[in-house]
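> Sharing a structure, written as structure tokens. Questions coming.
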Amino acid sequence: MTSPQQPQPDPAANGTEAQPQPAPGTPPQAPAAPPMPPAAPAVPQAPPAQAAPPAQQPAPEQPAPAAEAGTMMLQAQPAPAPAGEAGTMMLQAQAPGQPPQPAPADRPAPAPAAPPREAGTMMLQAQPMPEPQPLAAHGPGKDAGTMMLQAQPQAPAPAQAPQPYAQAPAAPHAGPAPGTGYVSPIPASPTHLGHALASEWTKIRSVRSTIWTLGVMAVLVLGIGALVATAVSTNESIGATPPLFFGFFGMLLGILCVLPLGVLVVSSEYGTGMIRTTLTACPARGRVLAAKALVFFGLTFVVTTVVTGLVAIMDNALLGDLSRAEVTGAEWLKSTVGVSLYVSFLGLLALAVGSLIRHSAGAITIMIGVVLLPFVLSMFMLTDSLNDLRNFLLGYSIPNQITVMYGSKFPFVDGGPSGWEPLWIVMGIAALALGGAYAAMRQRDV
């Protein structure tokens with residue numbers, strides 16, 4: 037846009053028509069179109085008013101008092117289209133209330149009449165795009181200043197990662213009712229002894245100590261039983277000794293394999309610290325001890341029953357004809373199931389000692405002493421004053437009790453248990469030891 041409009045000279049005063057002069061430095065303009073005739077009757081022209089100097093122009097209106105603070109957005113617009121051809125637009129004052137009439141194009145328009153408002157001509161000329169110029173503030177009462185408006189490039193919006201799928205809004209979690217405490221969303225069933233039994237069965241069958249101890253016991257009982265029966269079968273007669281008695285020699289060594297397994301069922305968890313995890317998963321300590329005892333007892337009883345049954349069949353086949361004693365059903369039951377129960381309860385005694393001592397080597401040493409020490413000590417008591425003590429230790433020693441379970445006894449022993457009494461004795465001792473282990477487990481920390 038050109039500079040502010042300058043006052044136009046009066047064509048009547050100079051006697052010539054005023055031609056619009058182009059601004060300095062602009063290209064030649066095209067000839068102007070003929071003036072448009074006035075739409076209203078001619079009115080006597082008033083003397084042209086002298087152009088007021090710029091200093092006497094009416095001051096712009098003062099801005100209204102500022103309202104609340106706001107934000108003005110400046111947005112860069114696309115560049116305008118290239119300018120077209122130059123032209124002339126006539127601005128003519130009309131009388132108030134009279135609609136504008138189009139001027140005929142075939143006749144020249146008379147000189148414009150002086151309306152209540154001044155008429156003027158604004159030249160529209162195609163200009164090249166000017167460089168950004170500052171906007172100067174003019175007018176009385178204002179200091180000159182400069183405000184630069186410059187379009188800034190818009191920063192690209194950050195790219196968002198594509199969502200693989202639309203997630204449904206999570207439903208609000210309803211909190212627990214007041215006074216009810218935390219309620220887990222995972223369905224939980226109350227624990228019982230079956231869960232503890234499953235856990236202990238997984239432990240005892242997944243460690244190598246179980247395979248080694250029970251495997252060695254089976255080899256010893258079967259191997260020694262077969263060797264002894266083969267050696268005795270060369271005799272012409274074995275007298276009144278029952279043929280099932282010769283399984284005792286293999287079982288006496290087999291016990292020494294069951295006892296370490298009973299100790300390790302408990303003491304190994306104390307040695308490795310696994311007992312903390314066990315008692316965290318099952319805080320009921322009586323349930324843990326009962327599960328260990330039941331799993332160990334059941335496994336030992338089954339394996340021992342199978343082994344003793346095979347040895348009994350083999351001994352009876354090799355020595356049945358050499359013995360004058362008749363093997364009854366009670367003797368078969370006692371030499372197989374009874375012996376297996378006795379050995380299993382002896383293993384429970386070792387388990388209870390391991391729970392009390394909580395040390396593998398110490399508990400195993402104690403159990404070996406319980407099995408062998410009374411019998412060994414009695415053999416050194418040769419004086420008459422110690423006969424009663426010697427007979428007691430020999431009669432109630434573990435080797436003599438196993439002999440009684442096989443239907444016989446040592447010939448040099450006076451007194452001692454008979455029949456099924458050794459089984460009741462070992463059952464009572466094992467029960468007392470398990471009760472002490474339970475009390476100690478409840479009182480002591482891990």
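Following the working numbering, the numbering of the sequence shown begins with 37 at its first residue and continues without gaps. Note that the Cβ used here is the ideal one computed from N, Cα and C, for glycine as well.
What's the gap between the Cα of Gly-464 and the Cα of Ser-220?
45 Å
> Who are Ser-359's beta bridge partners in DSSP?
Gly-275
> In its own chain, which residues sit with a C-beta less than 7 Å from the C-beta of Ala-254, not counting the 5 before and 5 after it?
Val-339 and Val-343
> Going straight from the alpha carbon of Leu-425 to that of Gly-230, what length do you get?
46 Å
> Is Ser-303 helix, strand or coil when you go by DSSP?
Judged by DSSP in its simplified three-state form, Ser-303 adopts helix.
> Out of Pro-319, Ala-267, Leu-300 and Leu-263, state which residue places its alpha-carbon closest to the alpha-carbon of Val-482.
Selected option, being the one with the closest Cα: Pro-319.
> With a Cβ-Cβ cutoff of 8 Å, do Met-441 and Leu-325 count as a contact?
no
> Mapping the DSSP letters down to three states, classify Tyr-442 as helix, strand or coil.
For Tyr-442, the three-state secondary structure derived from DSSP is coil.
> How many angstroms separate the CA atom of Pro-458 from the CA atom of Arg-244?
The straight-line gap separating the alpha-carbon atoms of Pro-458 and Arg-244 is approximately 31 Å.
> Specify the secondary structure class of Thr-364 as computed by DSSP and reduced to three states.
coil
> Using C-beta distances below 7 Å, list every residue in its chain close to Leu-330, excluding the 5 sequence neighbours before and after it, in chain order.
Leu-233
> Decide yes or no for the touch test of the segment 383-401 against the segment 363-370: beta carbon pairs closer than 8 Å, at least 3 of them.
no
> In three-state DSSP terms, what is His-231?
helix
> My guess is that Lys-445 and Gly-452 are in contact by the Cβ rule of under 8 Å, so how many angstroms apart are they, rounded?
7 Å
> Out of Phe-285, Ala-399 and Ala-397, which one is the CA nearest neighbour of Val-268?
Answer by Cα proximity: Phe-285.
> Rounding to the nearest angstrom, what Cα-Cα distance links Met-415 and Gln-479 in this structure?
Just so you know, the alpha carbons of Met-415 and Gln-479 end up roughly 41 Å apart.
> Quick check on Val-449: buried or exposed, where buried means 16 or more other Cβ atoms within 10 Å of its Cβ?
buried
> Inspect the beta-carbon positions of Ser-433 and Pro-410 and report whether they are closer than 8 Å.
yes
> So Leu-385 and Ala-469 are supposed to be a Cβ contact under 8 Å. How far apart are they, rounded?
5 Å
> Helix, strand or coil, according to DSSP, for Ile-402 in the structure here?
DSSP, reduced to helix, strand and coil, places Ile-402 within a helical segment of the structure shown.
> Which term fits Thr-401, buried or exposed, when burial requires 16 or more other beta carbons within 10 angstroms of its beta carbon?
exposed
> Indicate the three-state DSSP secondary structure (helix, strand or coil) for Val-389 in the structure shown.
helix
> Going by Cα to Cα distance, which pick from Gly-251, Leu-300, Trp-237 and Gly-374 is closest to Met-403?
Leu-300
> Taking 8 Å as the CB-CB cut-off, is Arg-312 touching chain C?
The chain inventory of the structure shown lacks chain C, comprising one protein chain alone.
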